[in-house]
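Using our numbering, you'd call the opening residue of the sequence shown number 6 and step up by one each time. Where a beta carbon is used, it is the ideal one built from N, C-alpha and C, also for glycine. Being a predicted model, the structure only gives us computed values, none of them experimental. Here is the structure we will look at, set down as structure tokens.
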Amino acid sequence: MKKNTLMKTSAIVASAVMAAAANGATVSAKTAAPRTMRRTKKNDVISMETIELSDAQAIAGKTVSVQMTMETGNNCYAYDLVVEYAPELELESVVGANAYSELDNYVAIVGYVSTNPFMDNKPIVTFNFKVPSEAEVGDIYEVKFNDIRSFSGLDCDFEYFELENSEIEVLEETKKHTDYMVFEKKDENGNVIDTLTGLRGDADGDGKVSAKDAAMIAQHCAKSYTGESVIESEENQYFANVNANGGKPTARDAAAIANYMAKKSISDATWDDVIK
């Protein structure tokens, strides 16, 4: 479960992390000053804003994305904060922030806009992590807010707000052909902005693999000659490509699913028994 905490902005930790990263010094972001709490008051209306880090599911040895969103009544124009992540994770990239700086298992991020505010419930920053290859099923890795230096609108600071931290749950251990696949959604520049986890062979997105998926892939292949698409979403086409050869789903994938289902009905078969 996520932890919900109430926080007031503090300038101590984030500024120390940014300065240390610039100077090559070592600073612990755990030395935060004691915080007090006060609600934001604007036009005699008391409100509470929220910043959230999304939960995620992962496969050992693969990339997983955690997204930062917020709810401010579409009134946030700037943020300056520190995120702490489990030391076992490897931070691969940060997408969406105007600037960021890493130090050990902490990352300080800064973002601002000049005209349109950051929109509520829309991904603002994406953190991409590499999950340890030795991770086991059920392992949990936490990604959490460590300190908030600034969180503000055009004419007010959000001083009292709710933080929702992230938990990354490992669904499957490392093997050649995992039951789950990870689809990486990318922006126009090729940056990973989200990851979606789905079952290998689940062409219709119903959360299970069956002969229905094989039939759907066969129909998709037949219709493709007339320009039609039976499997519409890009992620479902990715999961349908069971041999993960980088191409579109083919009749070979449909046959692999049928073979997998046949073997699975009489034994504890895995995809390694089908895909060579």
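- A straight-line Cα-Cα distance of about 5 Å links Lys149 and Glu89.
- A contact between stretches requires three or more CB pairs, one per stretch, nearer than 8 Å, and the segment 113-120 fails this requirement with the segment 206-221.
- For Ile222, the secondary structure class from DSSP, reduced to helix, strand or coil, is helix.
- Asp60 and Ala219 have their C-alpha atoms some 31 Å from each other.
- As summarised for the segment 129-188, the continuous beta strand (DSSP E) elements at least 3 residues long and confined to that stretch are 130-135, 145-157, 166-169 and 171-177, given in chain order.
- Measuring C-alpha to C-alpha distances from Asp207 to each of Asn103, Asn241 and Glu178 identifies Asn241 as the nearest.
- Here Met73 has Leu58, Ile129 and Val130 as same chain residues with Cβ atoms under 6 Å from its own Cβ, once five neighbours each way along the sequence are excluded.
- Excluding its 5 nearest sequence neighbours in each direction, Lys191 has C-beta neighbours in its own chain below 7 Å: Val197 and Ile198, listed in chain order.
- The beta carbon of Leu201 sits closer than 6 Å to those of Phe188 and Glu240, all from its chain and outside the five residues before and after it, given in chain order.
- Val279 and Ala261 do touch by the CB rule: their CB atoms are close to 5 Å apart, below 8 Å.
- Between the beta-carbon of Ala274 and that of Met186 there is about 17 Å, and that puts the pair past the 8 Å contact cut.
- Proximity of the segment 95-111 to the segment 167-185 falls short of the contact definition, fewer than three beta-carbon pairs being nearer than 8 Å.
- Shown here, Met75 sits in a strand according to DSSP, grouped into three states.
- CA-to-CA, the gap between Ala83 and Phe132 works out to about 18 Å.
- A residue is called buried when at least 16 other Cβ atoms come within 10 angstroms of its Cβ; Gly195 does not meet this threshold and is exposed.
- Rounded to the nearest angstrom, the Cβ distance from Lys181 to Asp277 is 5 Å, consistent with a contact under 8 Å.
- Excluding residues up to 5 positions away in sequence, Asp184, Tyr185, Met186, Gly212, Lys213, Val214 and Phe244 lie with their Cβ nearer than 8 Å to the Cβ of Leu204 in the same chain.
- DSSP links Gln62 through a beta bridge to Glu174.
- Just so you know, the alpha carbons of Asn80 and Leu86 end up roughly 17 Å apart.
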